[in-house]
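Numbering (UniProt numbering), first residue to last: 1 to 265. No residue lacks a Cβ here, since even glycine has one placed at the ideal position from N, Cα and C. Predicted model only: the values in this text are computed from it and were never measured. A short write-up of the structure that comes next.
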Amino acid sequence: MSRRRQIYEGKAKILYEGPEPGTLIQYFKDDATAFNAQKKGTIQGKGVINNRISEYVFTRLNHIGVPNHFIRRLNMREQLVRQVEIIPIEVVVRNVAAGSISKRLGIAEGEALPHTLLEYYYKDDALGDPLIAEEHIACFGWASNEEMQDISSLAIRVNDFLCGMFSAINIRLIDFKLEFGRIWDGDYSRVILADEISPDGCRLWDMVTGEKLDKDRFRRDLGGEEEAYQEVARRLGVLQDDPGPSEVFDLTAHRGKLRNSKTSK
């Protein structure tokens, strides 16, 4: 069995070369970091849970027409994804004041914002992922105006969907982070959702108690990180009666169908 070639290792995931051209294998780690990796630790089983939650969310987003990189889950810690050219912008969608915006603007944590707010951060760990404006994005060519229109509209659609999904299981979606990438077809590219959606990148509060069910428990030394992640997974129903890997788009089967259709003509 040949050793897989590692493409990239981040704080929470490792990307390996995929079995088909244009694919990657995304491996979810148990490593936990905060404050731009100044704080490091481990949340036991986090990778398994985040893999399942992200699979569930991306599959449902695909069903409502939000294009994304997820193809199928391979096992407990890995999923097959499309290879994309990551746009170096982190999009933070805020519904309620918490975290850095409360500190920056002096807004009490937990106060609902007048409307959903999109913030953009330049994706660079060495610089601490600084907050940027759309003018910076246009000036430095990180994304075109058309791509930013797609990114903002997709972010709002994802937010609307996630707010309803979490509300149905008595969880309040405070804010969350999204990443986007380009996929190319010759000279033409389009923007799709990438990375992951899990308690690592979302602030999730219990609607009744206000209890934090996300990585803030690690950031703020609250304890109970494992139980919080498990609770989100339990409410979503993703750890019960495992039906096996789901799939959005099976590249192997798709290529087989294409070959069969060509030979039959």
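Nearest-angstrom Cβ-Cβ length linking residue i and residue j, presumed shorter than 8 Å
i: LYS215; j: ALA32; result: 7 Å
i: LEU204; j: TYR56; result: Wrong, their Cβ atoms sit about 14 Å apart, outside the cutoff.
i: ASP30; j: GLY18; result: Incorrect: roughly 22 Å between the Cβ atoms, too far for contact.
i: GLY181; j: VAL84; result: 3 Å
i: LEU80; j: ILE87; result: In fact, because the Cβ distance is near 21 Å, the residues do not count as touching under 8 Å.
i: VAL191; j: GLU147; result: 5 Å
i: THR23; j: ARG82; result: 6 Å
i: residue 329; j: LEU213; result: With the chain covering 1 to 265 only, the question about residue 329 has no answer from this structure.
i: LYS13; j: TYR27; result: 6 Å
i: ARG217; j: ALA34; result: About 10 Å; that fails the 8 Å criterion.
i: LEU193; j: PRO67; result: 7 Å
Delimiting residues of the beta strand (DSSP E) encompassing residue i
i: ALA228; result: Run containing ALA228: none in the beta strand (DSSP E); it sits in the alpha helix (DSSP H), 225–236.
i: SER189; result: 188–194
i: LYS222; result: Here the sequence assigns Leu to residue 222, which means Lys is not the residue at that position. No beta strand (DSSP E) holds LEU222; DSSP gives it neither H nor E.
i: LYS13; result: 13–17
i: TRP184; result: 171–185
i: residue 267; result: Lying outside 1 to 265, the shown extent of the chain, residue 267 is not represented and no answer is given.
i: PRO88; result: 85–96
Element boundaries [alpha helix (DSSP H), containing residue i]
i: GLY65; result: Neither: GLY65 is in no alpha helix (DSSP H) and is coded neither H nor E.
i: residue 288; result: One cannot answer for residue 288 here, as it falls past the ends of the chain, which runs 1 to 265.
i: ARG104; result: 100–105
Residue(s) in a DSSP beta bridge with residue i
i: LYS212; result: TRP205
i: ASP200; result: Bridge partners of ASP200: none, in fact.
i: GLU9; result: ILE14
i: GLU82; result: This sequence places Arg at residue 82; Glu is not what is there. DSSP lists THR23 as partners of ARG82.
beta-carbon residue i near the ligand PLP non-hydrogen atom, thresh 7 Å
i: ASP31; result: What this structure holds is no ligand at all, so the ligand PLP is not there to describe.
Review point. Mind pulling the beta strand (DSSP E) runs of 3 or more residues that sit fully within the region 111–139?
Key: Whole beta strand (DSSP E) segments, 3+ residues: 112–122.
Review point. Is it true that the region 197–214 meets the region 111–125, where meeting means three or more beta-carbon pairs spaced less than 8 Å apart?
Key: no
Check your understanding: Would you call the region 157–176 and the region 81–93 in contact, with 3 or more CB pairs under 8 Å?
Key -> yes
Review point. Along the chain, which unbroken stretches of the beta strand (DSSP E) at least 3 residues long are found entirely within the region 24–48?
Key: 31–34 and 39–42
Point to revise | Sufficient close CB pairs (3 or more, under 8 Å) joining the region 42–62 to the region 71–82 | key: Contact holds: three or more Cβ-Cβ distances are below 8 Å.
Practice item. Would you be able to state if there are at least three C-beta pairs under 8 Å between the region 221–234 and the region 98–105? Key: no
Review point. If we count Cβ pairs, one from each stretch, closer than 8 Å, do we get three or more for the region 156–167 versus the region 120–129?
Key: no
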